[in-house]
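For the sequence shown, the residue numbers in this note's numbering are 121 to 749.
Since the structure comes first, as structure tokens, the remarks are kept for the end.
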Amino acid sequence: MGDKINFEGCISHGPWGGSAGKSWIYKPNGFIKKITIVHDNFIEGIKFYSTETESSHIGGKRGDNTDEIFINYPDEYLTSISGTYDKSLGFFSLRSLCFGTNHNHYGPYGGNLDGTPFSFEGEGVKIVGFHGHVSKCVTGIGIYVMPESFPTGLNSTSADNSMHEMRSRMSIPRDAGPWGGSVGGKPWDDGVFSTIKEVRVHVGEYPNVIHAIQFVYVESNAKTVLSPMHGGTTGDKMELVNLDGTDEYLIGISGFYGDVNGAEAITSITFHTNKKIHGPFGEKNSLGCTDHFTSTASPGKIGDGKTNCDECITHGPWGDSNGKSWIYKPSGFIRKITIVYESCIDGIKFYSGGSSTGETESSHFGDKEGNKTDEICIDYPNEYLTSISGTIGGGTVLSLSFSTNQNQYGPFGNGIDSRFSYEGDEGFMIVGFHGRSSGMYLNAIGIYVMPRSFALGLNSTSADNSMHEMCSRMSIPREAGPWGTSMVGKPWDDGVFSTIKEVRVHVGESPNVIHAIQFEYVESNAKTVLSPMHGGTSGDKMELVNLDGTNEYLTGISGFYGPVEGYNGLKAITSITLYTNKRIHGPFGGKSGVGCTYFASTASPGKIVGFHGWNDCFLTAIGVHMKYF
121 MGDKINFEGC ISHGPWGGSA GKSWIYKPNG FIKKITIVHD NFIEGIKFYS TETESSHIGG
181 KRGDNTDEIF INYPDEYLTS ISGTYDKSLG FFSLRSLCFG TNHNHYGPYG GNLDGTPFSF
241 EGEGVKIVGF HGHVSKCVTG IGIYVMPESF PTGLNSTSAD NSMHEMRSRM SIPRDAGPWG
301 GSVGGKPWDD GVFSTIKEVR VHVGEYPNVI HAIQFVYVES NAKTVLSPMH GGTTGDKMEL
361 VNLDGTDEYL IGISGFYGDV NGAEAITSIT FHTNKKIHGP FGEKNSLGCT DHFTSTASPG
421 KIGDGKTNCD ECITHGPWGD SNGKSWIYKP SGFIRKITIV YESCIDGIKF YSGGSSTGET
481 ESSHFGDKEG NKTDEICIDY PNEYLTSISG TIGGGTVLSL SFSTNQNQYG PFGNGIDSRF
541 SYEGDEGFMI VGFHGRSSGM YLNAIGIYVM PRSFALGLNS TSADNSMHEM CSRMSIPREA
601 GPWGTSMVGK PWDDGVFSTI KEVRVHVGES PNVIHAIQFE YVESNAKTVL SPMHGGTSGD
661 KMELVNLDGT NEYLTGISGF YGPVEGYNGL KAITSITLYT NKRIHGPFGG KSGVGCTYFA
721 STASPGKIVG FHGWNDCFLT AIGVHMKYF
């Protein structure tokens, strides 16, 4: 039997061409060994064959030419695709296609080679699937890729070595867009470069939209390339994002788009780097535009087409925003924790060690004196931290509990207020901590986690493989919120569940805000749990998002928060939108108003498994708990 592939973690590129017709996806169980292409002046149809399955015929079967590409897998595999497309049929469709493998080049197939070109050159990856659009002919095509370094001679009966296991741990999907109006005008694609040196955003005053954008790229040979000006006139002013000569790089974009004099255009754009946020440039609600977009956060950078997914993942911090921030990312693995406590957690200290690093210790976070002091001694490498839980209230962490793969420690402290927990995603271990503390108390605590199989396989004698290097090089924080106005009203935290069955959003008409929200969760034993009503009165109507009995799950939230008219400056959530792996639910509420602020959870390779936030007479803040795939 051939090698198996699980596509939950593949990286998607494209589709290139048009969006006319129906969408199609080919994600085979095995690797691609043959492609049949029917073509004349266009790519009329295409069919794929893998070591396990074959696709249906995509597009038309009649054309002047039919060609077959035979791929001698496992020695040969697909690495690149290119082609052209145009609008000569009245809609965008593929005019030509070429494929490349690690051994050969096939094509071009089709007619006009002078259309709009596209290409994916595929350094270090192999193409394992396809997707696109089809009408009378093939209108668009995209690819799924995976790292070339993954072994191809796997024993499919081995859970430890299976492609599914490796790719579940190491890959996440990337949403590449485009966002905005993709019908009308001319498509463009600058391709892939080593990095991005400069972004030039040309903004107009009337209409106040993004008139054009231009990029300065850097190739792998250090040569700079200035892209064409993408857009119309240069606008009234140019906003410059200069990344030259720094270790700052782009990791994501966000913005707004909508109707501008009968055509859809980008009205505002923001650039997110590994260090800061540039923008927004333009007017987010220009001419009433409120359609928001955001790229998927990823452990990589825009421009190089490569990713590194074995990152430390940040959870928390849970607690209060007062106190001084602290981070503990040790070179070795955590061996001991000292906790000073009484009615709350007064202070905490961590100790780590490795065969090459010796024992190291953190600073003491919080107060060193308290009525009780306990120590947790962890028998690493046989024992390691997997979960943390506790309670928060009154601006401090009231209690803490820790679990390892062998034991549970605590609770330390004395609290029955708002509970938080990280129950330990299967296959992950806690490798560091962060939080906030004052001179007297521990105000907040969070964790860094990474795949256990990756962490325990490190060569402790290698400086490059130290935990500090790993976390510094690879971590991407996942923002969990809450977004809105915290420290107003009462905090709440539903905890973590297996999945979410239902969301009930209670919306008011006057004021037009989110009055309350309620969730129906499902525990790991299939028992359903109805959360309390988070907010005040139930509002004028209830919006229901029902995920019961489907394979649909929540992946993110977005919305607005701002002042509530007639409530003496009280700020509340005014609108909320729920994102799933299949569709968008909402927005529910009044979207934005004067003084409102937009928020969005960071897109991630996982699903929402719980919520937390603050409520007063309305829902004032909301955040998420994520389970990562």
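Cβ atoms here follow ideal geometry from the backbone N, Cα and C, with glycine treated the same way.
These numbers come from a predicted model, not from an experiment.
Review point. What residue range is occupied by the uninterrupted beta strand (DSSP E) comprising Y229?
Key: Looking at the DSSP string, the run of the beta strand (DSSP E) that includes Y229 is H225 to G230.
Point to revise | Other residues of its chain near I550: CB distance less than 6 Å, five sequence neighbours each side excluded | key: L505, I567 and V569, listed in sequence order.
Practice item. Can you grab the Cα-Cα spacing for the pair G555 / E172, in whole Å? Key: In a straight line, the C-alpha of G555 is about 50 Å away from that of E172.
Review point. Does F240 get closer than 9 Å to chain B when you measure Cβ to Cβ?
Key: The structure shown contains no chain B; it holds only a single protein chain.
Check your understanding: I think S213 touches G138, with their Cβ atoms under 8 Å apart; what is that distance to the nearest whole Å?
Key -> That belief holds up - the Cβ atoms of S213 and G138 are roughly 6 Å apart, short of 8 Å.
Point to revise | Distance CB(K246)-CB(F151) smaller than 9 Å | key: The Cβ atoms of K246 and F151 lie closer than 9 Å to each other.
Exercise for review: Can you give me the Cβ contacts of T700 inside the same chain, cut-off strictly under 8 Å, excluding the 5 residues immediately before and after it?
Suggested key: Within the same chain, Cβ atoms closer than 8 Å to the Cβ of T700 are found at L667, E672, Y673, L674 and T675, the five residues on either side in sequence being excluded.
**Study point:** Of the residues T344, N161 and I386, the one placed nearest G351, counting alpha carbons only
**Key:** Nearest to G351 by C-alpha distance, out of T344, N161 and I386, is I386.
Review point. According to DSSP, is D184 helix, strand or coil?
Key: In this structure, D184 counts as coil in the three-state DSSP scheme.
Check your understanding: Using the C-alpha atoms, what's the distance from G260 back to V254?
Key -> Taking the straight line from one Cα to the other gives about 7 Å.
Check your understanding: Between E503 and the rest of its own chain, which residues show a CB-CB distance below 8 Å, the 5 nearest in sequence each way excluded?
Key -> Result list for E503: T524, N525, Q526 and N527, in chain order.
Exercise for review: Give me the Cα-Cα distance between E752 and G439, rounded to the nearest whole angstrom.
Suggested key: In the structure as shown, the chain begins at 121 and stops at 749. Residue 752 is therefore absent and cannot be evaluated.
Review point. Curious, which full-length beta strand (DSSP E) runs of at least 3 residues does the region 672-720 contain?
Key: Within the region 672-720, the complete beta strand (DSSP E) segments of 3 residues or longer fall at 674-683, 691-700, 704-709 and 717-720, listed in chain order.
**Study point:** Proximal residues to Q334 (C-beta, below 6 Å), its chain only, five neighbours per side dropped
**Key:** Short of 6 Å from the beta carbon of Q334, and not among the five residues preceding or following it, lie these beta carbons of its own chain, in chain order: R320, S347 and M349.
Review point. Quick one: what's got a C-beta closer than 8 Å to G262's C-beta in the same chain, skipping five residues either side?
Key: Answer for G262: S132, H133, G134, P135, W136, F250, H251 and G252, listed in chain order.
Check your understanding: Just how far apart, CA to CA, sit V659 and S721?
Key -> One point to set straight first is that residue 659 is Gly, not Val, in the sequence displayed. C-alpha separation (whole angstroms): 25 Å.
Practice item. Report all residues from its chain with a CB closer than 6 Å to the CB of D184; omit the five preceding and five following residues, and keep chain order. Key: Answer for D184: D160, listed in chain order.
**Study point:** CB of D356 within 9 Å of CB of G324, strictly
**Key:** A contact, by the Cβ cut-off of 9 Å.
Check your understanding: Should D364 be labelled buried (16 or more other beta-carbon atoms within 10 Å of its own) or exposed?
Key -> With fewer than 16 other Cβ atoms within 10 Å, it is exposed.
Point to revise | Through-space distance from K153 to F219, alpha-carbon basis | key: Rounded to whole angstroms, F219 to K153 spans 13 Å at the Cα level.
Check your understanding: So, is N563 buried or exposed, given that buried needs 16 or more other C-beta atoms within 10 angstroms?
Key -> Buried, by the Cβ-count rule.
Point to revise | Where the beta strand (DSSP E) containing N735 begins and where it ends | key: For N735, the enclosing beta strand (DSSP E) stretches over residues G726 to N735.
Exercise for review: Alpha carbon to alpha carbon, how far is A741 from H732? Give it in angstroms, no decimals.
Suggested key: H732 and A741: Cα-Cα distance of roughly 8 Å.
Review point. Mapping DSSP to helix, strand and coil, what is A140?
Key: Here DSSP, grouped into helix, strand and coil, assigns A140 to coil.
Practice item. Classify S557 as buried or exposed, calling it buried when 16 or more other Cβ atoms lie within 10 Å of its own Cβ. Key: Classification for S557: buried.
Review point. Going straight from the alpha carbon of F639 to that of C737, what length do you get?
Key: When the Cα atoms are used, F639 and C737 turn out to be separated by approximately 18 Å.
Check your understanding: Going by other Cβ atoms of all chains shown within 10 Å of its Cβ, with 16 needed for buried, is C464 buried or exposed?
Key -> With 16 or more other Cβ atoms within 10 Å, it is buried.
Check your understanding: Smallest Cα separation from R455: which of N362, D499, W308 and E368?
Key -> Of N362, D499, W308 and E368, the residue nearest in Cα terms is D499.
**Study point:** Whole-Å CB distance - T694 paired with F680, under 8 Å assumed
**Key:** Going by Cβ atoms, the distance from T694 to F680 rounds to 5 Å, so yes, they are a contact pair.
Practice item. Note down, in chain order, each residue of its chain lying with its Cβ closer than 7 Å to the Cβ of E643, except the 5 sequence neighbours on either side. Key: Non-local beta-carbon contacts of E643 in its own chain, meaning distances under 7 Å to residues more than five positions away in sequence, involve F617, S618 and V649 in chain order.
Check your understanding: Cβ of G535 within 9 Å of Cβ of I512?
Key -> Cβ distance < 9 Å, so G535 and I512 count as in contact.
Review point. Can you tell me the Cα-Cα spacing of F719 and S374, whole angstroms?
Key: For F719 and S374, the distance between alpha carbons rounds to 11 Å.
Practice item. Work out the CA separation of L209 and Y542 for me, nearest whole Å. Key: When rounded, the distance between both Cα atoms is 55 Å.
Check your understanding: Between G601 and V744, which are expected to be in contact by the criterion C-beta below 8 Å, what is the C-beta distance as a whole number of angstroms?
Key -> Right, the Cβ-Cβ distance comes to about 6 Å (below 8 Å), so this counts as a contact.
Point to revise | Range covered by the beta strand (DSSP E) that runs through P237 | key: It spans T236 to F240 - the beta strand (DSSP E) in which P237 sits, taken as one unbroken run.
Point to revise | Of the residues G628, T204, G311 and E489, the one placed nearest G655, counting alpha carbons only | key: When each option's Cα is compared against that of G655, the closest is G628.
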